[in-house]
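In the UniProt record's numbering, the protein residues as written are 1 to 194.
Glycine is no exception: its CB is placed at the ideal position from the N, C-alpha and C atoms.
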């Protein structure tokens with residue numbers, strides 16, 4: 001099997017920036033207008049509502065975004081220069097591919113500590129999520145000024161695993177896309193629209 005051509009860092013960051021903008025658009029258009037009842041109505045017992053999908057993303061964002069901001073600041077202070085091409089680590093690539101696999105083909109289990117806290121969430125869950133998307137967009141811009149391949153981010157589940165920032169971005173955004181697609185399926189199901 002032939003290896004794929006290396007991806008330019010600017011192209012990689014452009015793709016991720018567009019993906020975040022797409023998630024933001026869906027959130028603004030489809031989730032922000034929901035009433036609290038619509039936000040909290042799940043498709044079936046034990047299945048997450050739109051609000052719970054967003055709350056899960058907020059929990060994960062709350063774990064990773066502050067650390068990523070801190071590591072980006074350190075890289076700026078060190079004066080690292082952007083790398084021309086993206087380098088993926090073995091584990092980072094595997095995690096991202098697993099997250100990109102459609103849920104119907106490969107369901108993933110969420111560790112309990114990262115699951116939504118409740119079934120009755122306030123509408124502010126959407127606003128918190130939008131703020132996190134803004135933070136992530138900002139980080140993608142800052143990443144253009146440093147060597148993102150050299151910045152390491154500890155994994156929340158396996159702290160000894162330290163992913164390259166490029167892999168962490170790819171994983172985090174694949175995770176966003178997976179759960180936004182899940183929230184859209186919930187919204188499109190008949191049980192929510194009644």
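- Membership of residue 154 in the beta strand (DSSP E) is indicated by the continuous run 152-154.
- Residue 178: member of the alpha helix (DSSP H) spanning 165-188, first to last residue.
- Pairing residue 166 with residue 149 gives a Cβ-Cβ distance under 8 Å.
- Between residue 138 and residue 57, the gap from beta carbon to beta carbon reaches 8 Å or more.
- In the structure shown, residue 30 adopts helical secondary structure according to DSSP, grouped into three states.
- The beta carbons of residue 144 and residue 153 sit no closer together than 8 Å.
- Secondary structure note for residue 84: it is in no alpha helix (DSSP H), with a DSSP letter that is neither H nor E.
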